[in-house]
Amino acid sequence: MANEIKVALIGGIFLIISAIIGIFSININIEKNKLDENVMTLKLENDTLKANIKDLKNQLSQYTSLKEENESLKDKISNLELKNQELAEKYNNLMKNPLSSQKQDLISGAEIKNTSIREITEFYSDGINHRNNRIMDNIGNSYDGYTFMSAGDMFVELKGSVVYRNNNQYTRLFGRVIIENSEKDIEECGYVKIYGNDMLLFDSGIMGRGIEPVDFDLNITDYNEIKIEFNNGNWSSKELKNPKCYLVDTYFN
Numbered sequence: 004m005a006n007e008i009k010v011a012l013i014g015g016i017f018l019i020i021s022a023i024i025g026i027f028s029i030n031i032n033i034e035k036n037k038l039d040e041n042v043m044t045l046k047l048e049n050d051t052l053k054a055n056i057k058d059l060k061n062q063l064s065q066y067t068s069l070k071e072e073n074e075s076l077k078d079k080i081s082n083l084e085l086k087n088q089e090l091a092e093k094y095n096n097l098m099k100n101p102l103s104s105q106k107q108d109l110i111s112g113a114e115i116k117n118t119s120i121r122e123i124t125e126f127y128s129d130g131i132n133h134r135n136n137r138i139m140d141n142i143g144n145s146y147d148g149y150t151f152m153s154a155g156d157m158f159v160e161l162k163g164s165v166v167y168r169n170n171n172q173y174t175r176l177f178g179r180v181i182i183e184n185s186e187k188d189i190e191e192c193g194y195v196k197i198y199g200n201d202m203l204l205f206d207s208g209i210m211g212r213g214i215e216p217v218d219f220d221l222n223i224t225d226y227n228e229i230k231i232e233f234n235n236g237n238w239s240s241k242e243l244k245n246p247k248c249y250l251v252d253t254y255f256n
């Protein structure tokens, strides 16, 4: 009887121990699953963080590149502004103080040969071609020489012209129309028109009081004959003048 009781007790104890072990095993599995889930979550978060860091690095690299490009563009703009200022100064100096028939090509920067209309001796003149030295315009600019046309007696016949034969020698005609300083208060001092093969290329409009010098720059590549027509103002018995406009700094190229 005593042995049977011992066996029963041992069996009960074994069952209790087995139950306890089973409970611990279940808890361990639960905790393990939770740990696995946490590890997986942390791994996903780590991957996301790595991706964000990579994206931020790319953005930083792009920002750095854009910043460098911006600085480079600023330098280029600054250099272009300086060059533009230099060209503007050269242009103004040339307009005020032309160096005989030599001028600076403001586009290419190369020194080229320009031929003043005052230097050309072969032309057809409908009237008298007047060419003299030194003149000041109505805004105070001085020039080394000028040209104007009159038909017959300059105090009677007001209109005159001169025709130049191009023959594909020149591609450009540029210059300035002015009125003389002493005539700056006269209402109408005439005008200048330029034709290429009888086609009007330039019209200065009526020059007179309050009108500043008028510049022109013409492409004459396709024209064999260049006609420059002068129409002077009306004779003033009061002023004892025949007001007129003049060509200065005018060149074929």
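Residue numbers (the working numbering): 4 to 256. Backbone N, C-alpha and C define an ideal beta-carbon position, used for all residues, glycine too. If you're wondering where the values come from, they're calculated on a predicted model, not measured in any experiment.
Just to confirm my understanding: we take L221, look at its own chain, exclude 5 residues before and 5 after, and list those with CB closer than 8 Å. What are they? Position 218 of the sequence shown, counting from 1, holds the residue named residue 221. Around L221: R175, L176, F177, I197, G199, L204 and F205.
Beta-carbon spacing of E183, K86 below 9 Å: Residue 183 sits at position 180 when you count from the first residue of the sequence shown. Residue 86 sits at position 83 when you count from the first residue of the sequence shown. Cβ atoms of E183 and K86: not closer than 9 Å.
Quick one: what's got a C-beta closer than 6 Å to N141's C-beta in the same chain, skipping five residues either side? Indexing the sequence shown from 1 puts residue 141 at position 138. Excluding residues within five positions, the ones whose Cβ falls inside 6 Å are I182, N184 and K187.
In chain order, what residues of the same chain lie with their CB nearer than 8 Å to the CB of N170, ignoring the 5 residues before and after it? Residue 170 sits at position 167 when you count from the first residue of the sequence shown. If we look at N170 and ignore the five residues flanking it on each side, its Cβ neighbours are N227.
Answer yes or no: do N235 and G208 have a C-beta to C-beta separation smaller than 9 Å? Numbered from its first residue, the sequence shown carries residue 235 at position 232. Numbered from its first residue, the sequence shown carries residue 208 at position 205. No, these two residues do not count as a Cβ contact at 9 Å.
Just mark T150 as buried or exposed, buried being the case when its beta carbon has 16 or more other beta carbons within 10 Å. Position 147 of the sequence shown holds residue 150. So T150 ends up on the buried side.
May I ask you to report which of helix, strand or coil DSSP gives I214? If you number the sequence shown from 1, residue 214 lands on position 211. Note: I214 maps to coil in three-state DSSP.
Roughly how many angstroms separate the alpha carbons of D252 and Y146, rounded to a whole number? On the sequence shown, residue 252 is found 249 positions in, with the first residue counted as 1. On the sequence shown, residue 146 is found 143 positions in, with the first residue counted as 1. Roughly 8 Å separates the two Cα atoms.
Looking only at its chain, what residues have a beta carbon closer than 6 Å to the beta carbon of F255, apart from the 5 residues adjacent to it on each side? Here residue 255 is taken as the residue at index 252 of the sequence shown, counted from 1. Excluding sequence neighbours, F255 sits near T118, Y173 and L176.
Tell me, please, which residues DSSP counts as bridged to C248. Locating residue 248 in the sequence shown gives position 245, counting from the first residue. C248 is bridged to I182.
Does K1 come out as helix, strand or coil in the three-state DSSP assignment? Because the chain spans 4 through 256 in this model, residue 1 falls outside it and cannot be assessed.
Taking buried to mean at least 16 other C-beta atoms within 10 Å of its own C-beta, is M43 buried or exposed? Here residue 43 refers to the residue found at position 40 when the sequence shown is read from its first residue. Its Cβ having fewer than 16 others within 10 Å, M43 is exposed.
What are the boundary residues of the beta strand (DSSP E) that includes S164? For the purposes of this step, residue 164 is identified with residue 161 of the sequence shown, where counting begins at 1. That run of the beta strand (DSSP E) goes K162 to R168.
Which residue marks the beginning of the beta strand (DSSP E) containing E122, and which one marks its end? On the sequence shown, position 119 is the one that residue 122 refers to. Segment: none, E122 is in no beta strand (DSSP E) and carries neither H nor E.
P101 to Y167 span [Cα, whole Å]: What you label residue 101 is simply residue 98 of the sequence shown in a count that begins at 1. What you label residue 167 is simply residue 164 of the sequence shown in a count that begins at 1. Only weak support is given to the placement of P101: the predicted model assigns it a pLDDT of 46, under 50, and the value that follows is read from those uncertain coordinates. C-alpha separation (whole angstroms): 22 Å.
Find the nearest neighbour of E190 within the set L59, G213, N82 and N55, judged by alpha-carbon distance. On the sequence shown, residue 190 is found 187 positions in, with the first residue counted as 1. It is G213 whose Cα lies nearest to the Cα of E190.
Buried or exposed (CB count within 10 angstroms, at least 16 for buried), S164: If you number the sequence shown from 1, residue 164 lands on position 161. Its Cβ being crowded by 16 or more others within 10 Å, S164 is buried.
Relative to the C-alpha of G211, which candidate in E232, V195 and D201 has its C-alpha closest? Here residue 211 corresponds to residue number 208 of the sequence shown, with the count starting at 1. Of the listed residues, the one whose Cα sits closest to G211 is V195.
Mind checking Y249: buried by the 16 CB within 10 Å criterion, or exposed? For this step, residue 249 is matched to residue 246 along the sequence shown. Classification of Y249: buried, given that the 10 Å Cβ count is 16 or more.
In the DSSP output, what is L221 paired with across the bridge? Here residue 221 is taken as the residue at index 218 of the sequence shown, counted from 1. L221 is bridged to L176.
When DSSP labels each residue in this structure, what does Y254 get in the three-state scheme? Here residue 254 is taken as the residue at index 251 of the sequence shown, counted from 1. Strand.
Since M139 and F233 should fall inside the 8 Å C-beta cutoff, what is the C-beta to C-beta distance between them, to a whole number of angstroms? Taking the sequence shown and counting its residues from 1, the one referred to as residue 139 is at position 136. Taking the sequence shown and counting its residues from 1, the one referred to as residue 233 is at position 230. That belief does not hold up - the Cβ atoms of M139 and F233 are roughly 19 Å apart, past 8 Å.
Coarse secondary structure for N136, derived from DSSP in three states: The count along the sequence shown starts at 1 and reaches residue 136 at position 133. Here N136 sits in strand by DSSP.
Residue of E122, D225 and P216 minimising C-alpha distance to N144: Here the question's residue 144 lines up with position 141 in the sequence shown. Of the candidates E122, D225 and P216, the one whose C-alpha sits nearest the C-alpha of N144 is P216.
The beta strand (DSSP E) that contains D206, what's its start and end? One-based indexing of the sequence shown puts residue 206 at position 203. Per DSSP, D206 belongs to the beta strand (DSSP E) from M202 to D206.
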